[in-house]
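Asker: Numbering (my numbering), first residue to last: 36 to 475.
Ideal placement from N, C-alpha and C gives every residue a C-beta, glycine not left out.
Since the structure is predicted, the reported quantities are computational estimates derived from the model, not experimental observations.
The structure under discussion is supplied below as structure tokens; questions concerning it will follow.
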Amino acid sequence: MSASAADRKDAQEFIEHVQRPDPYLAQFPLLQAKTPGELAALDRSVVKKLDWRFLPIVSLMLLMNYLDRINVSNARLAGMQQDLHMSDAMWSAGISLFYVGYIASQIPAAVVVAKGQPRILLPCCMLAWSAVTVCMPAMEAGWAFLLCRFLVGLTEGPFLPAVSLMTSSWYTKHESPLRMAIWHSGNIASNIFSGLLAAAILTNMDGIARLRAWQWFVLLEGIVSILVAFLGFWLVPNWPDTTGSYFLTAEEAEMAQYRQLVAAGGIAESDEGGYWSGVAMATKDPFTWMFSGIHFSLIIAQSFKDFFPSIVDTLGFSKVETYLVQAPPYAVAYLVTLGVSWSSGRMLEHCWHIIACISVSLAGAIIMISTLNVGARYFSMILLCSGPFVGLNLQISWETAVVPRPRTKRAALVAIANCITTIVTGLTHELLNPICSFSM
36 MSASAADRKD AQEFIEHVQR PDPYLAQFPL LQAKTPGELA ALDRSVVKKL DWRFLPIVSL
96 MLLMNYLDRI NVSNARLAGM QQDLHMSDAM WSAGISLFYV GYIASQIPAA VVVAKGQPRI
156 LLPCCMLAWS AVTVCMPAME AGWAFLLCRF LVGLTEGPFL PAVSLMTSSW YTKHESPLRM
216 AIWHSGNIAS NIFSGLLAAA ILTNMDGIAR LRAWQWFVLL EGIVSILVAF LGFWLVPNWP
276 DTTGSYFLTA EEAEMAQYRQ LVAAGGIAES DEGGYWSGVA MATKDPFTWM FSGIHFSLII
336 AQSFKDFFPS IVDTLGFSKV ETYLVQAPPY AVAYLVTLGV SWSSGRMLEH CWHIIACISV
396 SLAGAIIMIS TLNVGARYFS MILLCSGPFV GLNLQISWET AVVPRPRTKR AALVAIANCI
456 TTIVTGLTHE LLNPICSFSM
């Protein structure tokens, strides 16, 4: 993966730092005798290894995380709701129960991961939600759907805060926005692949081995998730101060800790408090509530994704075409996310980048409700998808860069923001459901 301009700027600042008297270098005996040029080269080596080992596996795990979360949207179009004899109210309850489980596990599990070993805990979480997904084809009634959705939410809850925290713990503030965009784009990519997989599976596998197409759809996604989880045990690192020489040399392991110590102004990542000390610090910090408000607005802006297949269905395409035309808006959003995140990291600016992204989505929403023209409405869907995903990525990068150490506090902040957002979003959906409908 080639270094961006932001990476080169970060490297230059690093060289300028090590050319000055350094109060932190004494903590790392393997680095003390090295010249500034050697330290900068070692710094680049650490970033390169992270880019080729950490980023690919967490991106793939996040992709499967989102696929296993949203697969029911396309499965619904293939008859899941009818086969399970569920009313619209029960279906909506199942969608909401995912978030109940998600909220219940998020804060405690995120803090446990912050003080534990992500290399073990994250793949175990993935195995758990994948096992539930694999069991979903055996459902025969609505209550089983409700239970499965709750369990998937419960086991997926720790994942996003943990990966956000790991990225901010391994990368500096210049490097973080683009790296977060790469793995966070798994959210976008899941919507691309979900539509394509739906077109391939839901239209061709109905009746094979006496299984409905939607059963094959969730079963195959669950099996792939299990395989990726086992890969995670090998590729996911721990924290910079606990990874040791697992995939870094001894010098690189010290450099990984040193570069973060420099970036944080000498504040150590770890803390000596208990599991809940970080939660207590986060709740007392005004930044937690400010970022929670921003997080909420950005999640609301992308809540359409849970119903996007049904929205596209209102354009009047055939079932196969409906599956396929979901992909291009998300493909555009993927490219926009990478480009805007690169710009944010290079300029070290988040606020106006986020405002610009949300303005684009707002324009898409206005166009969608203002016309019945199919072409114009499809263009509005592209605009709608292009803003909120990159906005949320930049917001997470922003909050993990602004809020100081310790690690458990940052973990609690991300989890609290997610929980508040999820609760308010669920209440908003329930309040607006009687008066809202899809544009026709």
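Consider the C-beta atom of Leu429 and the heavy atoms of the ligand SAM; say whether any pair is separated by less than 8 Å.
Answerer: This structure lacks the ligand SAM; in fact it carries no ligand of any kind.
Asker: From Thr349 to Thr357, what distance separates their C-alpha atoms?
Answerer: Working through the sequence shown from its first residue, we reach residue 349 at position 314. Working through the sequence shown from its first residue, we reach residue 357 at position 322. Whole-angstrom Cα-Cα distance: 9 Å.
Asker: Determine the DSSP secondary structure at Gln116, reduced to helix, strand or coil.
Answerer: Within the sequence shown, numbered from 1, the residue matching residue 116 stands at position 81. Gln116: helix per DSSP, three-state reduction.
Asker: Which residues mark the beginning and the end of the alpha helix (DSSP H) in which Gly300 is found?
Answerer: Your numbering for residue 300 matches position 265 in the sequence shown. Neither: Gly300 is in no alpha helix (DSSP H) and is coded neither H nor E.
Asker: What does a CB cutoff of less than 6 Å around Gly129 pick up in its chain, not counting 5 residues either side in sequence?
Answerer: In the sequence shown, counting from the first residue as 1, residue 129 sits at position 94. Closer than 6 Å at the Cβ level, and outside the excluded window around Gly129, lie Phe180, Leu181, Arg184.
Asker: Can you find the residues in the same chain that come closer than 7 Å, C-beta to C-beta, to Ile470, ignoring five residues on each side of it along the sequence?
Answerer: Within the sequence shown, numbered from 1, the residue matching residue 470 stands at position 435. Bear in mind that the predicted position of Ile470 carries a pLDDT of just 48, short of 50, making it too unreliable to give a figure here.
Asker: Using the three-state DSSP reduction, which class does Leu266 fall into: helix, strand or coil?
Answerer: Taking the first residue of the sequence shown as position 1, residue 266 is located at position 231. Correct three-state label for Leu266: helix.
Asker: Can you name the start and end residues of the alpha helix (DSSP H) that Val314 belongs to?
Answerer: Within the sequence shown, numbered from 1, the residue matching residue 314 stands at position 279. Run containing Val314: 312–319, per the alpha helix (DSSP H) assignment.
Asker: Would you call the segment 406–414 and the segment 227–237 touching, i.e. three or more CB-CB distances under 8 Å?
Answerer: The segment 406–414 is not in contact with the segment 227–237.
Asker: Assuming the contact rule is C-beta atoms closer than 8 Å, Ala216 and Val360 should be a hit. Round their C-beta distance to whole Å, please.
Answerer: Here residue 216 corresponds to residue number 181 of the sequence shown, with the count starting at 1. Here residue 360 corresponds to residue number 325 of the sequence shown, with the count starting at 1. Their Cβ separation, rounded to whole angstroms, is 25 Å, which puts Ala216 and Val360 out of contact at 8 Å.
Asker: Assuming Leu429 and Pro212 form a contact by the criterion Cβ under 8 Å, report the distance between their Cβ atoms to the nearest whole angstrom.
Answerer: Walking along the sequence shown from the start, residue 429 turns up at place 394. Walking along the sequence shown from the start, residue 212 turns up at place 177. Their Cβ separation, rounded to whole angstroms, is 6 Å, which keeps Leu429 and Pro212 in contact under 8 Å.
Asker: Out of Cys392, Arg381, Leu383, which one is the CA nearest neighbour of Gln371?
Answerer: The count along the sequence shown starts at 1 and reaches residue 371 at position 336. Position check: residue 371 holds Val in this sequence, whereas Gln was assumed. Nearest option by C-alpha distance: Cys392.
Asker: Is DSSP giving Ser353 helix, strand or coil here?
Answerer: On the sequence shown, position 318 is the one that residue 353 refers to. Note: Ser353 maps to coil in three-state DSSP.
Asker: Hey, out of Arg440, Ala362, Val271, Pro321, whose CA is closest to Met416's CA?
Answerer: Numbered from its first residue, the sequence shown carries residue 416 at position 381. Nearest C-alpha to Met416: Ala362.
Asker: For the candidate residues Leu95, Pro58, Gly72, Leu77, whose alpha-carbon lies nearest to that of Leu270?
Answerer: Counting from 1 along the sequence shown, the entry for residue 270 is found at position 235. Of the listed residues, the one whose Cα sits closest to Leu270 is Leu95.
Asker: Going by DSSP in three states, Thr406 sits in which element: helix, strand or coil?
Answerer: Mapped onto the sequence shown, residue 406 falls at position 371. Correct three-state label for Thr406: coil.
Asker: From Phe352 to Tyr413, what does the alpha carbon distance come to, in whole angstroms?
Answerer: For the purposes of this step, residue 352 is identified with residue 317 of the sequence shown, where counting begins at 1. For the purposes of this step, residue 413 is identified with residue 378 of the sequence shown, where counting begins at 1. The straight-line gap from Cα to Cα measures roughly 12 Å.
Asker: Do you know offhand how far Thr456's Cα is from Ser421's?
Answerer: By 1-based counting over the sequence shown, the position of residue 456 is 421. By 1-based counting over the sequence shown, the position of residue 421 is 386. The straight-line gap from Cα to Cα measures roughly 21 Å.
Asker: So the alpha helix (DSSP H) Thr168 belongs to, where does it begin and stop?
Answerer: Within the sequence shown, residue 168 is the residue found at index 133, counting from 1. Element bounds for Thr168: 153–170.
Asker: Considering just the uninterrupted stretch of the alpha helix (DSSP H) at Asn226, what are its terminal residues?
Answerer: As a working mapping, residue 226 is identified with position 191 in the sequence shown. That run of the alpha helix (DSSP H) goes 211–236.
Asker: Please list the terminal residues of the continuous alpha helix (DSSP H) segment that includes Asn365.
Answerer: Here residue 365 corresponds to residue number 330 of the sequence shown, with the count starting at 1. Note that residue 365 is Tyr in the sequence shown, not Asn. 362–382 is the extent of the alpha helix (DSSP H) around Tyr365.
Asker: Three-state secondary structure (DSSP) at Lys340?
Answerer: For the purposes of this step, residue 340 is taken as the residue at position 305 of the sequence shown. The answer is helix: DSSP assigns Lys340 an H, G or I state.
Asker: Taking 8 Å as the limit between beta carbons, can you name the residues of its chain near Ala61, skipping five residues before and five after?
Answerer: Position 26 of the sequence shown holds residue 61. Cβ within range, chain order: Gln67.
Asker: Could you tell me the distance, in whole angstroms, from the CA atom of Ser338 to the CA atom of Ser432?
Answerer: Within the sequence shown, residue 338 is the residue found at index 303, counting from 1. Within the sequence shown, residue 432 is the residue found at index 397, counting from 1. Taking the straight line joining both Cα atoms gives about 20 Å.
Asker: Looking only at its chain, what residues have a beta carbon closer than 8 Å to the beta carbon of Pro275, apart from the 5 residues adjacent to it on each side?
Answerer: Taking the first residue of the sequence shown as position 1, residue 275 is located at position 240. Counting only Cβ-Cβ distances below 8 Å, and skipping sequence neighbours, we find Ser204, Trp205, Ala288, Ala291, Gln292, Gln295, Glu304.
Asker: Can you give me the Cβ contacts of Leu16 inside the same chain, cut-off strictly under 8 Å, excluding the 5 residues immediately before and after it?
Answerer: Here the chain has residues from 36 to 475 only, and residue 16 is not among them.
Asker: Keeping to the same chain, check which residues put their C-beta closer than 8 Å to that of Trp218; ignore five residues upstream and five downstream.
Answerer: Looking up residue 218 in the sequence shown gives position 183. For Trp218, where only same-chain residues beyond five positions count, the Cβ hits under 8 Å are Leu90, Val93, Ser94, Leu97, Val198, Thr202.
Asker: Looking at the secondary structure, which residues open and close the alpha helix (DSSP H) in which Asp123 lies?
Answerer: Residue 123 sits at position 88 when you count from the first residue of the sequence shown. Asp123 -> alpha helix (DSSP H) spans 123–150.
Asker: Which residue comes first and which comes last in the alpha helix (DSSP H) that contains Thr277?
Answerer: Working through the sequence shown from its first residue, we reach residue 277 at position 242. Premise fails: Thr277 is in no alpha helix (DSSP H) and is neither H nor E.
Asker: Could you tell me the alpha carbon to alpha carbon distance between Ser376 and Lys319, rounded to whole angstroms?
Answerer: By one-based count along the sequence shown, residue 376 stands at place 341. By one-based count along the sequence shown, residue 319 stands at place 284. Approximately 30 Å between the Cα atoms of the pair.
Asker: Leu162 to Ile155, Cα distance in whole Å?
Answerer: Here residue 162 corresponds to residue number 127 of the sequence shown, with the count starting at 1. Here residue 155 corresponds to residue number 120 of the sequence shown, with the count starting at 1. Using only the alpha carbons, I get a separation of about 11 Å.
Asker: Roughly how many angstroms lie between the CA atoms of Asn239 and Val82, to the nearest whole one?
Answerer: Position 204 of the sequence shown, counted from the first residue, corresponds to residue 239. Position 47 of the sequence shown, counted from the first residue, corresponds to residue 82. One C-alpha to the other measures close to 44 Å.
Asker: Which residue marks the beginning of the alpha helix (DSSP H) containing Gln430, and which one marks its end?
Answerer: Here the question's residue 430 lines up with position 395 in the sequence shown. It spans 423–437 - the alpha helix (DSSP H) in which Gln430 sits, taken as one unbroken run.
Asker: Which value, in whole angstroms, describes the spacing of the CA atoms of Leu246 and Val314?
Answerer: As a working note, residue 246 is residue 211 in the sequence shown. As a working note, residue 314 is residue 279 in the sequence shown. Their Cα atoms are separated by approximately 46 Å.
Asker: Using beta-carbon positions only, say whether Ala264 and Cys159 come within less than 9 Å of one another.
Answerer: To locate residue 264, count along the sequence shown from 1; it is residue 229. To locate residue 159, count along the sequence shown from 1; it is residue 124. For Ala264 and Cys159, yes; Cβs fall inside 9 Å.
Asker: When DSSP labels each residue in this structure, what does Asp241 get in the three-state scheme?
Answerer: Here residue 241 is taken as the residue at index 206 of the sequence shown, counted from 1. Looking at Asp241 - three-state DSSP - the assignment turns out to be coil, as it is neither helix nor strand.
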